[in-house]
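Reviewing the structure listed below.
Number of protein chains: 2
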Amino acid sequence: MARVRVEGFTLSLDGYGAGPGQDLAHPLGEGGTELHQWLLPTRTFQRALFGNEGGTTGVDDDFAARGFRNVGAWILGRNMFGPVRGPWPDESWKGWWGDSPPYHVPVFVLTHHARPDLAMAGGTTFHFVTGGIHEALARAREAAAGKDVRIGGGPATIRQYLREGLVDELHLAIAPVLLGRGEALFEGLDLRALGYACVASVASDKATHVVLRRQARPQGGD
Amino acid sequence: MARVRVEGFTLSLDGYGAGPGQDLAHPLGEGGTELHQWLLPTRTFQRALFGNEGGTTGVDDDFAARGFRNVGAWILGRNMFGPVRGPWPDESWKGWWGDSPPYHVPVFVLTHHARPDLAMAGGTTFHFVTGGIHEALARAREAAAGKDVRIGGGPATIRQYLREGLVDELHLAIAPVLLGRGEALFEGLDLRALGYACVASVASDKATHVVLRRQARPQGGD
Numbered sequence: 268m269a270r271v272r273v274e275g276f277t278l279s280l281d282g283y284g285a286g287p288g289q290d291l292a293h294p295l296g297e298g299g300t301e302l303h304q305w306l307l308p309t310r311t312f313q314r315a316l317f318g319n320e321g322g323t324t325g326v327d328d329d330f331a332a333r334g335f336r337n338v339g340a341w342i343l344g345r346n347m348f349g350p351v352r353g354p355w356p357d358e359s360w361k362g363w364w365g366d367s368p369p370y371h372v373p374v375f376v377l378t379h380h381a382r383p384d385l386a387m388a389g390g391t392t393f394h395f396v397t398g399g400i401h402e403a404l405a406r407a408r409e410a411a412a413g414k415d416v417r418i419g420g421g422p423a424t425i426r427q428y429l430r431e432g433l434v435d436e437l438h439l440a441i442a443p444v445l446l447g448r449g450e451a452l453f454e455g456l457d458l459r460a461l462g463y464a465c466v467a468s469v470a471s472d473k474a475t476h477v478v479l480r481r482q483a484r485p486q487g488g489d
Numbered sequence: 268m269a270r271v272r273v274e275g276f277t278l279s280l281d282g283y284g285a286g287p288g289q290d291l292a293h294p295l296g297e298g299g300t301e302l303h304q305w306l307l308p309t310r311t312f313q314r315a316l317f318g319n320e321g322g323t324t325g326v327d328d329d330f331a332a333r334g335f336r337n338v339g340a341w342i343l344g345r346n347m348f349g350p351v352r353g354p355w356p357d358e359s360w361k362g363w364w365g366d367s368p369p370y371h372v373p374v375f376v377l378t379h380h381a382r383p384d385l386a387m388a389g390g391t392t393f394h395f396v397t398g399g400i401h402e403a404l405a406r407a408r409e410a411a412a413g414k415d416v417r418i419g420g421g422p423a424t425i426r427q428y429l430r431e432g433l434v435d436e437l438h439l440a441i442a443p444v445l446l447g448r449g450e451a452l453f454e455g456l457d458l459r460a461l462g463y464a465c466v467a468s469v470a471s472d473k474a475t476h477v478v479l480r481r482q483a484r485p486q487g488g489d
């Protein structure tokens, strides 16, 4: 059955998924670039984002690559799509990624403010969903046509889906960086009680990669 | 100069330093044994706690061993010393560790309730400090006579010393385990603003070991 996945979500040692102070110059927030040192030089990222040949291979690239495999649709929180807040002033903002975004499938953007679908080059269409996370997931599942749905972030979006037990698997990369503040992924969220367990842990010199999977039934204590 | 160190402090993936439900049968709280799988089989731990020969060597043991080097005194929160809460009913509780605790130096226990010094076999003396963290540190520094002071925990004690900028270096072991709830080490504590940075990161198959060090002056953003 098609799964709902979080992939390549990077956390600081102190548990923050994005730095504070996100704006146009800092789409990942302050410190966000440090956080993603495992990802930025990989062959997968260089090819997907910039069309570059080359890039690093190995553990980090393996995890970057798996994040794109068998993905039929994405869900993004509004802040992942851009820095614009409140009602859309116009339709000029088309995402962080230029004319040909790296998705190449339908992307469902959670927002409180309706906006027409936005078809981009390369097969990416942004759909703006005002009906909440369940509606976005239903539409993404349908659009994915049997492939998986990837939830891109940010932390608030991932937390909403986790809280409802709607995420089947998460790949997290823990970077050897302190951010000090930002959006805490785990705060107030009891993943153990929600049925998640760590099923894999592999380290590179730039991050520790862990895979959390929702088990058939919640675990007890020890 | 003598330093103040936290060593071998183990965190779950979701940032908890000890499981909930600590009691006599679960000195580390529920799930706490899972958390310490990197430490329990090491040669250092087996020798220090049980007097056993043998045990594992390698990255995990290297970090376990460094935690005991050049330590002239320890500071423990009351819950690290035992499960007794409130005024001491009598002097029968002598710690989790039997007649010969693994410290072999003076140990300063933070408590609100005075109690006479307690000399144990093997060189460990427990001193009960009612004057707070600064008094405990001053007394530990003096007792350490030029060696370092190790702060053993728990999380609340470490957080108090971190918040005051009194810890020079922390070794954390991040275990591939979800606890779901417990005492969150980092919550509400901006280690970056307090001047800490990650200076080393080394993984074994059971934990990712990181060393955080307080820099001469706080870092800015990126």
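Protein sequence lines correspond, in order, to chains A and B. Heads up: the first sequence begins at 268 in the numbering used here, then just goes up one per residue. Heads up: the second sequence begins at 268 in the numbering used here, then just goes up one per residue. Every residue gets a Cβ at the ideal spot worked out from N, C-alpha and C, and that includes glycine. Predicted model, so just to flag it, every value in this text is computed and none were measured.
For B:Gln486, I'd like the list of residues in its chain whose CB is within less than 8 Å of its CB, leaving aside the five on either flank, ordered along the chain.
-> By one-based count along the second sequence, residue 486 of chain B stands at place 219. Legend: pLDDT at B:Gln486 = 48, less than 50; position of this residue unreliable, value from coordinates given subsequently. Result list for B:Gln486: Arg459, Gly462, Ala464, in chain order.
Compare the beta carbon distance of A:Gly421 and A:Asn346 with 8 Å and say whether it is the shorter of the two.
-> The sequence position of residue 421 of chain A within the first sequence is 154, counting from 1. The sequence position of residue 346 of chain A within the first sequence is 79, counting from 1. Closer than 8 Å, so yes.
Mind checking if A:Phe236 is an interface residue toward chain B, Cβ cutoff 8 Å exclusive?
-> What is shown of chain A runs 268 to 489, which leaves residue 236 of chain A out entirely.
Take the Cβ of B:Val466 as the centre, count every other Cβ of all protein chains shown within 10 Å, and call the residue buried at 16 or more, exposed below.
-> Numbered from its first residue, the second sequence carries residue 466 of chain B at position 199. Per the 10 Å Cβ criterion, exposed.
What distance in whole Å lies between the Cβ atoms of B:Thr378 and B:Phe395, which are believed to be in contact at a cut-off of 8 Å?
-> Translated into the one-based positions of the second sequence, residue 395 of chain B becomes position 128. Translated into the one-based positions of the second sequence, residue 378 of chain B becomes position 111. Between B:Thr378 and B:Phe395 the Cβ distance is about 5 Å, and since that is below 8 Å, they are a contact.
Cβ contact check for the stretch 418–433 of chain A and the stretch 451–458 of chain A: 3 or more pairs under 8 Å = The answer is yes - the stretch 451–458 of chain A touches the stretch 418–433 of chain A, with three or more Cβ pairs under 8 Å.
Pick from B:Gly339, B:Arg406, B:Leu452: whose alpha carbon is nearest that of B:Arg430?
-> One-based indexing of the second sequence puts residue 430 of chain B at position 163. Distance check between B:Arg430 and each of B:Gly339, B:Arg406, B:Leu452 places B:Leu452 closest, using alpha-carbon atoms only.
Chain-order list of residues whose beta-carbon lies under 6 Å from that of A:Leu437 (same chain, five-residue window excluded) = Position 170 of the first sequence holds residue 437 of chain A. Correct list, in chain order: Val273, Leu479.
Can you list, in chain order, the residues of its chain whose CB lies under 8 Å from that of A:Glu409, leaving out five sequence neighbours each side?
-> As a first step, residue 409 of chain A must be located in the first sequence, where it is residue number 142. Exclusion of the five residues before and after A:Glu409 leaves no residue of its chain whose Cβ lies closer than 8 Å to its Cβ.
Does the separation of the CB atoms of A:Leu404 and A:Val271 fall below 8 Å?
-> Position 137 of the first sequence, counted from the first residue, corresponds to residue 404 of chain A. Position 4 of the first sequence, counted from the first residue, corresponds to residue 271 of chain A. Taking 8 Å as the Cβ cut-off, A:Leu404 and A:Val271 qualify as a contacting pair.
Can you find a C-beta in chain A that's less than 8 Å from the C-beta of B:Ile425?
-> Position 158 of the second sequence holds residue 425 of chain B. Under the 8 Å criterion on CB atoms, B:Ile425 is classed as non-interfacial with respect to chain A.
Which ranges does the beta strand (DSSP E) cover as unbroken runs of at least 3 residues, wholly within the stretch 308–344 of chain A, from first to last along the chain?
-> Scanning the stretch 308–344 of chain A for uninterrupted beta strand (DSSP E) segments of 3 residues or longer gives 338–344, listed from N- to C-terminal end.
Listed from N- to C-terminal order along the chain, which residues in the stretch 349–373 of chain B have their beta-carbon within a distance smaller than 8 Å of any beta-carbon of chain A?
-> From the stretch 349–373 of chain B, no residue has a Cβ closer than 8 Å to chain A.
With a cut-off of 8 Å, does the C-beta of A:Phe453 fall near any C-beta of chain B?
-> Start at 1 with the first residue of the first sequence, and residue 453 of chain A comes out as number 186. Yes, A:Phe453 counts as interfacial toward chain B.
Applying a beta-carbon distance threshold of less than 7 Å, which residues of chain B neighbour A:Pro443?
-> Position 176 of the first sequence, counting from 1, holds the residue named residue 443 of chain A. Correct list: Cys465, Ser468, Val477.
Pick out whichever of A:Gln313, A:Ala442, A:Val374 has its Cα sitting closest to the Cα of B:Val469.
-> The count along the second sequence starts at 1 and reaches residue 469 of chain B at position 202. Comparing Cα positions, the closest option is A:Ala442.
Through-space distance from B:Val326 to B:Ala440, alpha-carbon basis = Within the second sequence, numbered from 1, the residue matching residue 440 of chain B stands at position 173. Within the second sequence, numbered from 1, the residue matching residue 326 of chain B stands at position 59. Between B:Ala440 and B:Val326, the C-alpha separation is close to 11 Å.
How would you label A:Glu402, buried or exposed, when you count the other beta carbons within 10 angstroms and need 16 or more for buried?
-> On the first sequence, residue 402 of chain A is found 135 positions in, with the first residue counted as 1. Under this definition A:Glu402 is an exposed residue.
Does B:Arg480 get closer than 8 Å to chain A when you measure Cβ to Cβ?
-> Translated into the one-based positions of the second sequence, residue 480 of chain B becomes position 213. Cβ-Cβ to chain A under 8 Å: no for B:Arg480.
What first and last residue would you give for the alpha helix (DSSP H) that runs through B:Glu301?
-> As a working note, residue 301 of chain B is residue 34 in the second sequence. For B:Glu301, the uninterrupted alpha helix (DSSP H) run begins and ends at 299–302, by DSSP.
Is A:Gly449 helix, strand or coil when you go by DSSP?
-> Locating residue 449 of chain A in the first sequence gives position 182, where the first residue counts as 1. Three-state DSSP puts A:Gly449 in coil, outside helix and strand.
So what's A:Ala464 in DSSP terms, helix, strand or just coil?
-> For this step, residue 464 of chain A is matched to residue 197 along the first sequence. A:Ala464: strand per DSSP, three-state reduction.
Within the chosen definition, does the stretch 304–312 of chain A reach the stretch 337–346 of chain A through at least 3 CB pairs nearer than 8 Å?
-> No, they do not touch.
Find the residues of chain B that neighbour A:Leu280, judging by a C-beta separation of less than 7 Å, and give them in chain order.
-> Taking the first sequence and counting its residues from 1, one reaches residue 280 of chain A at position 13. Chain B residues near A:Leu280: Cys465, Val477.
Apart from the five residues on each side of it in sequence, which residues of its chain come closer than 8 Å, Cβ to Cβ, to A:Gly322?
-> Position 55 of the first sequence, counted from the first residue, corresponds to residue 322 of chain A. Taking A:Gly322 as the centre and dropping the five residues before and after it, the same chain places the C-beta of Pro308, Thr309, Arg310, Thr311, Phe312, Gln313, Arg314, Asp328 closer than 8 Å to its C-beta, in chain order.
Say whether chain B places a C-beta atom closer than 8 Å to the C-beta of A:Arg333.
-> If you number the first sequence from 1, residue 333 of chain A lands on position 66. Interface annotation, A:Arg333: not in contact with chain B, CB-CB separation never under 8 Å.
Please check if any C-beta of chain A sits within less than 8 Å of the C-beta of B:Leu458.
-> Translated into positions along the second sequence, residue 458 of chain B becomes position 191. Chain A contact via Cβ: present.
Thinking just about the alpha-carbon of each residue, which of A:Asp472, A:Glu297, A:Trp305, A:Leu280 is nearest to the one in A:Ala331?
-> Position 64 of the first sequence, counted from the first residue, corresponds to residue 331 of chain A. Of all alpha-carbon atoms in A:Asp472, A:Glu297, A:Trp305, A:Leu280, the one lying nearest the alpha-carbon of A:Ala331 is that of A:Trp305.
State yes or no: is the beta carbon of B:Leu433 nearer than 8 Å to at least one beta carbon in chain A?
-> Translated into positions along the second sequence, residue 433 of chain B becomes position 166. No, B:Leu433 lies away from the interface with chain A (no Cβ there is under 8 Å from its Cβ).
If we count the other Cβ atoms within 10 Å of its Cβ and call it buried at 16 or more, is B:Gly334 buried or exposed?
-> Translated into positions along the second sequence, residue 334 of chain B becomes position 67. The residue is buried, with at least 16 neighbouring Cβ atoms inside 10 Å.
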